[in-house]
Every structure is written in C-alpha cells, then in structure tokens.
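Number of protein chains: 4
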Amino acid sequence: MSIRIIITGGTFDKHYDELQGELTFKNTHLPEILSFVRCTLPIKLEINQLIDSLDMQLANRMRILQSFRKAPEDRIIITHGTDTMVETAQLLGETGIEKTIVLTGSMVPYTFTNSDAVFNLGCSIIGVQLLPTGVFLIMNGKVFPWNNVCKNKKTGSFEEAT
Amino acid sequence: MSIRIIITGGTFDKHYDELQGELTFKNTHLPEILSFVRCTLPIKLEINQLIDSLDMQLANRMRILQSFRKAPEDRIIITHGTDTMVETAQLLGETGIEKTIVLTGSMVPYTFTNSDAVFNLGCSIIGVQLLPTGVFLIMNGKVFPWNNVCKNKKTGSFEEAT
Amino acid sequence: MSIRIIITGGTFDKHYDELQGELTFKNTHLPEILSFVRCTLPIKLEINQLIDSLDMQLANRMRILQSFRKAPEDRIIITHGTDTMVETAQLLGETGIEKTIVLTGSMVPYTFTNSDAVFNLGCSIIGVQLLPTGVFLIMNGKVFPWNNVCKNKKTGSFEEAT
Amino acid sequence: MSIRIIITGGTFDKHYDELQGELTFKNTHLPEILSFVRCTLPIKLEINQLIDSLDMQLANRMRILQSFRKAPEDRIIITHGTDTMVETAQLLGETGIEKTIVLTGSMVPYTFTNSDAVFNLGCSIIGVQLLPTGVFLIMNGKVFPWNNVCKNKKTGSFEEAT
Chain F
50 MSIRIIITGG TFDKHYDELQ GELTFKNTHL PEILSFVRCT LPIKLEINQL
100 IDSLDMQLAN RMRILQSFRK APEDRIIITH GTDTMVETAQ LLGETGIEKT
150 IVLTGSMVPY TFTNSDAVFN LGCSIIGVQL LPTGVFLIMN GKVFPWNNVC
200 KNKKTGSFEE AT
Chain P
50 MSIRIIITGG TFDKHYDELQ GELTFKNTHL PEILSFVRCT LPIKLEINQL
100 IDSLDMQLAN RMRILQSFRK APEDRIIITH GTDTMVETAQ LLGETGIEKT
150 IVLTGSMVPY TFTNSDAVFN LGCSIIGVQL LPTGVFLIMN GKVFPWNNVC
200 KNKKTGSFEE AT
Chain Y
50 MSIRIIITGG TFDKHYDELQ GELTFKNTHL PEILSFVRCT LPIKLEINQL
100 IDSLDMQLAN RMRILQSFRK APEDRIIITH GTDTMVETAQ LLGETGIEKT
150 IVLTGSMVPY TFTNSDAVFN LGCSIIGVQL LPTGVFLIMN GKVFPWNNVC
200 KNKKTGSFEE AT
Chain X
50 MSIRIIITGG TFDKHYDELQ GELTFKNTHL PEILSFVRCT LPIKLEINQL
100 IDSLDMQLAN RMRILQSFRK APEDRIIITH GTDTMVETAQ LLGETGIEKT
150 IVLTGSMVPY TFTNSDAVFN LGCSIIGVQL LPTGVFLIMN GKVFPWNNVC
200 KNKKTGSFEE AT
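Chains as they are written, first to last, in my numbering: chain F, 50 to 211; chain P, 50 to 211; chain Y, 50 to 211; chain X, 50 to 211.
Here is the structure:
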C-alpha cells in the first residue's frame with residue numbers, strides 16, 4: 050500500500066530564522082522524520098506549498114485539490130496549518146472524491162523540543178491506511194470526519210462540532 | 050471511546066542511570082508524552098511491569114494476559130520490548146479474546162533525541178481505535194496481524210513472516 | 050564563589066505560544082537548565098525583565114544597572130537579547146563598576162532542538178569566574194571586552210569591532 | 050587563539066546501537082555540536098580513541114600524552130569518561146608540560162534529551178582560553194586543578210579532594 054503526503058507547511062514545518070528572529074518556512078522536515086522513526090512504508094512526499102494556513106486563499110486550496118486529483122495513490126495525507134485545516138477539509142470533503150484523505154498538522158513546530166508533530170504524523174500514517182474512502186482530520190489522538198469537527202481556539206484542541 | 054495502555058517496559062521506557070552508566074528502568078514516560086502531544090482521548094495507564102523483553106518469561110506474559118482480561122476497556126495498547134514482542138503477540142493471539150489489542154514499542158529509547166517512541170505511540174493510538182477485534186503489532190508505520198509478523202534482526206524492522 | 054544571573058529575556062528565553070502561534074515570554078528556563086547540566090556552583094537567579102532586546106529602552110537598561118549595583122555578588126551574568134547586547138554592554142562598561150560582568154544570550158531559543166543557549170550559558174559561567182573586573186560579552190565561544198565588539202548582522206555572529 | 054580538542058570517547062560520545070540495544074561508540078558528535086552552537090573559534094578536532102574510561106589502561110593514557118606533546122596548539126581540551134578522568138588528569142599533571150589542558154566529559158550522553166555534554170563543552174572552551182598553564186578538570190560549572198579533585202560516586206558530581 051503506497052501513501053502520498055502532500056505538504057502545505059503550517060506550524061508543523063515552521064523553522065526559526067535566527068537572523069530575522071522569526072518563525073518562517075525553509076524546507077519540510079518530513080524526510081528527516083520518516084527516517085528516524087524507522088517508517089518502512091512506501092511514502093511519496095510532495096511539497097505543494099509552504100505557507101501559514103492563515104494565509105491560505107481559495108487559490109491555495111485549489112492547488113491542494115489538483116494535487117490529490119492527479120495523485121496515483123488512493124491514500125493521501127495532507128500536512129496543514131491548524132487555523133484553517135477545517136475549511137480545507139470541508140472544501141475537499143464536498144468534492145466527493147473516491148480516496149482516503151487525512152489532514153493533520155501540529156500546534157507546536159517540529160523544531161521545538163516538545164512538539165506534537167511526530168505523534169500526529171504517526172496517527173495519520175496509520176489512520177490513512179485503515180480509514181474508508183472520505184476526508185478526515187486527525188489531531189489530538191482522534192479521528193474526525195470533515196463535516197463534524199472544529200478547532201477550540203481556547204484550548205487549541207479539535208472537537209466534534211456538534 | 051476509552052483506551053487502556055498496559056506498560057511492560059522495553060526499550061520504549063529505558064532510562065539512563067548516570068551513576069551506573071547503564072540503561073535501566075525507573076518509571077514510565079507515557080504520562081509526559083501524552084501531555085505534550087496534546088492527546089485528548091481518555092486513556093488509562095497501567096504499569097504492569099518494567100522489564101527488558103529479553104527477560105520476559107511465561108510468568109511475565111501471563112501477567113499481561115491477566116491485565117487485559119480484567120480491563121474494562123475493549124481497546125488496549127501494550128508497550129513491549131521489540132525482541133520478544135512477536136512471542137507475546139502470539140500467546141495473546143491464541144487466547145482468542147474478543148478485544149482489540151495493539152502491541153508496540155520502540156527501537157530507540159524515548160529519552161534519546163531521535164527516538165521512534167512517540168511516532169509508534171501515535172500509530173498505535175489510532176490503530177487501536179480503527180482495527181477490528183484481534184491482536185496486532187504496530188511498528189515502522191505498519192499494522193501486522195499477530196500470526197504473520199517477525200522482526201528482521203539485521204535491519205531492526207518488522208516484516209510479514211511469509 | 051557565588052554568582053548572580055540577571056535575566057532580561059531575549060531569544061534565550063523565548064517560548065512558543067501555541068494558541069497565538071507566536072514566540073513570546075512566559076517564564077525563564079534557567080532553573081531547568083542549571084538542574085540538568087548538573088551545575089553545583091551556588092547561583093542566584095533574578096528575573097529583571099523578560100523582553101525582546103529590540104524593545105529595550107534606556108529605562109530598561111537602567112533597571113539592569115540598578116540590579117547589579119544592589120547585588121551582593123561580585124560576579125554577574127546577564128542574559129540578554131543579541132540585537133542590542135552591545136549597547137547594554139557599553140552602557141554598563143562606561144559606569145566603571147568594580148565587578149565582573151558577562152553578557153550572553155542565544156541566537157536560537159532554548160526551546161528549539163538545536164539551540165546555542167546551553168552552550169553559551171556554560172561559556173559564561175566559567176568566563177565570569179575567571180575574568181578580571183570589567184564588562185565582557187561571551188558569544189560564539191569567544192570573550193569580547195565591552196568596547197571592542199559588534200554583531201555581524203549577516204552571519205549572526207559577534208566579532209571584534211576593530 | 051587556536052584550540053585542539055583531543056577526543057577519547059567517554060559517556061559524552063556514547064551512541065545507542067539500536068540493533069544490539071547497547072550504548073557503544075560509533076563516531077564523535079563534536080563537529081555537529083560545534084556547528085549548531087555557532088562557535089567561531091578556530092578548533093582542531095582529533096579523535097585519539099573512543100573508549101569507556103573504565104577500560105582505560107596506561108597505554109591509552111600514554112596515547113593521550115603523545116597527542117598533546119605533538120600538538121602545535123598551547124590550549125587543549127580532552128573529552129574523557131568521568132570514571133577515570135581524575136587519574137588521567139593526574140598523569141598529565143605530573144608531566145609538567147607547559148600548556149593549558151582542560152579535561153571534561155559528561156554524565157549523560159550527548160544523544161540523550163537532557164545531557165550535560167553541550168554545557169560542559171561550553172565551560173571548557175572558555176576555560177581553556179582563560180586559564181594559565183597547567184592541567185585542569187572542568188565539570189559541574191566548576192574549574193578544578195588536577196591535584197585537588199575527586200568524583201563523588203554517590204552524587205555523580207566532582208568536588209575538591211580536600
């Protein structure tokens with residue numbers, strides 16, 4: 050079973066630019082992570098864009114949609130910023146494509162000591178293999194269908210919408 | 050959905066004793082990990098034993114069996130050393146209990162910089178929620194049924210036995 | 050020999066606020082660091098302020114000056130943001146106080162995986178014990194007197210000014 | 050000012066062999082550390098040997114002695130296991146060579162999350178630049194002359210012998 054990870058940036062891949070003193074994007078950390086976690090599953094990585102999800106416009110979301118329409122794989126993970134992950138999940142969910150899509154991300158960048166990035170990636174890699182066709186969001190150790198999930202801005206955790 | 054994690058030690062929870070200069074067991078790191086990965090799923094932790102899986106005798110395996118027979122939860126993760134994880138999976142698999150059991154562990158202790166422990170935990174937390182009744186082993190980003198898995202001692206990775 | 054560390058914030062102590070997605074200040078990491086590095090020297094910690102050194106005004110610098118005038122210790126480390134560390138060093142150097150003062154900081158926050166914070170702290174703790182009376186800046190494994198140092202904005206490293 | 054680091058192994062450079070489940074030596078981590086701590090001082094690295102200091106025999110200590118006799122630098126750091134660091138310091142101290150020698154190491158391997166290795170390296174890099182001719186041991190944020198230091202086996206810290 051082959052999996053594609055479509056990378057869009059988000060907190061997951063944020064990097065500290067020590068000259069500017071800012072969190073920015075430089076490259077993805079996915080190859081490094083997949084190596085040290087000893088993942089032996091065949092995984093294709095695709096850098097779709099590297100942006101903060103607060104900056105995500107419709108054009109950015111269309112680029113994600115195009116990527117997974119073209120992808121030969123039926124099981125796809127999308128790394129995404131948490132702030133608008135639900136919006137992207139909804140747009141993808143409404144297209145009704147016959148693939149298994151899992152959106153994930155992290156609240157703390159991978160480059161920090163106590164990040165949730167590696168855990169969420171593990172959750173998603175197993176989730177995308179076991180879930181049926183459809184669009185899902187995996188965060189906080191839980192699986193959410195695209196049409197019943199929201200981010201609680203006070204706690205920073207994802208919850209059922211209803 | 051409530052999950053129980055039965056902790057048996059293994060490389061996952063190994064700790065460096067700086068006075069003796071040895072890797073030993075002191076306590077489990079699971080509470081700390083579940084906190085920083087922002088897991089909001091209800092999880093019960095149970096320290097069953099803290100041993101190297103090379104030291105696991107039948108009596109040790111019976112103690113694991115008793116634990117999950119008594120557990121009120123139907124979905125159970127067992128953290129276990131990788132060297133004899135397959136043997137324990139087989140013993141549990143042959144008992145035919147009607148629960149979903151996932152065995153996992155790590156090749157590098159959690160306390161090391163580049164450990165696979167947090168990734169494997171993420172994999173197992175989603176796996177145990179989505180898999181049917183039965184005994185499974187989750188390592189290297191893959192799900193293995195208990196009766197078709199072995200550890201490749203040369204690569205340190207798990208593979209289908211056949 | 051007793052040492053005081055006057056904490057002023059800077060990149061050294063920056064913390065990731067996962068709800069806002071920003072680097073801010075919450076508390077100092079010095080107690081945690083001094084514990085795991087096994088430092089047995091008697092050290093007094095004083096949180097003077099927790100700010101970005103780009104925000105440092107004369108009033109902020111006067112507060113540092115007051116702190117080390119009142120301090121009973123003759124050997125004092127000041128943690129400080131790198132952007133205006135040289136300015137603060139000059140202001141302190143010109144006062145001509147009869148103590149050994151070392152300013153240090155970091156280019157990458159302590160909370161990141163590959164930070165220079167712990168190294169710079171080690172450098173400064175030994176530097177402040179061995180240097181004579183005067184004001185010094187310790188960064189990049191080097192000791193600089195307050196009146197012959199500048200930050201190279203292109204490389205992010207400190208150099209002799211002349 | 051140019052510095053040589055003579056590497057002899059010890060806990061500092063211990064590596065986890067995940068196939069054997071043991072702490073062993075593979076290579077030194079010094080180049081990686083010196084890079085991310087942003088050290089700009091000219092430093093020559095020399096791998097003299099990579100052993101546990103409990104295995105250090107007279108022949109091993111003679112090899113260290115030969116190395117620093119041949120070294121063109123006058124300021125030399127030796128990374129060394131803590132168990133017999135004091136013995137090696139005494140042997141070097143009694144030779145009366147006209148150089149500044151600092152022995153250091155760590156109680157917890159660099160590859161562990163909360164290691165004292167990077168701190169001790171920072172301490173030693175400044176110590177070796179500021180100390181006079183002689184043999185010193187730097188651990189726990191303190192400088193000890195070779196003839197007045199011992200390791201307290203209960204606490205794992207170094208102390209004055211008298």
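Idealized CB from N, CA, C, for every residue including glycine.
- Using a CB distance below 9 Å, the part of the segment 70 to 84 of chain F facing chain Y consists of G70, E71, L72, ordered along the chain.
- Bounds of the alpha helix (DSSP H) holding X/T144 are 134 to 144.
- Under the three-state reduction of DSSP output, Y/V184 falls in the strand class.
- Relative to the Cα of Y/G154, the nearest Cα in the group Y/G171, Y/G70, Y/K148, Y/G142 belongs to Y/G171.
- Membership of P/L179 in the alpha helix (DSSP H) is indicated by the continuous run 166 to 179.
- In this structure, F/I174 sits near P/G190, with a CB-CB distance shorter than 8 Å.
- Here F/F74 carries a coil assignment [DSSP, helix/strand/coil].
- Taking Y/W195 as reference, the option from Y/G70, Y/E209, Y/K202 with the minimal CA-CA separation is Y/E209.
- Between the alpha carbons of P/T137 and Y/S164 lies a gap of roughly 41 Å.
- Burial state of Y/D62 is buried, judged by a 10 Å Cβ sphere holding 16 or more other Cβ atoms.
- Per DSSP, the unbroken beta strand (DSSP E) holding F/S206 starts and ends at 206 to 208.
- Between the C-alpha atoms of P/D101 and X/T160 there is a straight-line separation of about 21 Å.
- Around P/T89, the beta-carbon contacts reaching into chain F at under 7 Å are N189, G190, K191, S206.
- Under the three-state reduction of DSSP output, P/R112 falls in the helix class.
- CA-to-CA, the gap between Y/N97 and Y/L68 works out to about 26 Å.
- The beta carbon of Y/V184 sits closer than 6 Å to those of A138, L141, G142, I150, W195, all from its chain and outside the five residues before and after it, given in chain order.
- Under the three-state reduction of DSSP, F/L107 is assigned to helix.
- Boundaries of the beta strand (DSSP E) harbouring Y/E95: 92 to 100, taken from the DSSP string.
- Out of X/P91, X/G176, X/V157, the CA that lies nearest to the CA of P/L72 is found in X/V157.
- Between the alpha carbons of F/S116 and F/G58 lies a gap of roughly 15 Å.
- Per DSSP, P/F61 is not a residue of any alpha helix (DSSP H), being assigned neither H nor E.
- Only those residues of the segment 135 to 163 of chain F whose C-beta falls short of 7 Å from the nearest C-beta of chain P are listed: M156, N163.
- Taking every protein chain shown into account, the CB of X/Q178 has 16 or more other CB atoms within 10 angstroms, so this residue is buried.
- F/E122 and Y/L103 have their C-alpha atoms spaced approximately 49 Å apart.
- Y/K202 carries a coil assignment under DSSP once its states are collapsed to helix, strand and coil.
- Contacts with chain Y at 8 Å (Cβ-Cβ) do not include X/F185.
- The Cβ of X/T60 sits closer than 8 Å to at least one Cβ of chain P.
- Spatial neighbours of P/T133 in its own chain (CB-CB distance under 8 Å, excluding positions within 5 residues in sequence) are listed in chain order as S102, L103, M105.
- For Y/L68, the neighbours in chain F by C-beta distance under 9 Å run, in chain order, M156, K202, K203, T204, G205.
- For F/N201, the number of other beta carbons within 10 angstroms of its own is below 16, and it is reported as exposed.
- For F/E81 and F/T89, the gap between their C-alpha atoms comes out near 13 Å.
- By the 16-neighbour rule on beta-carbons within 10 angstroms, P/L107 is exposed.
- Beta bridge pairing from DSSP links P/R87 with no other residue.
- Close partners of P/N169 in chain F (Cβ separation under 8 Å): V86, G171.
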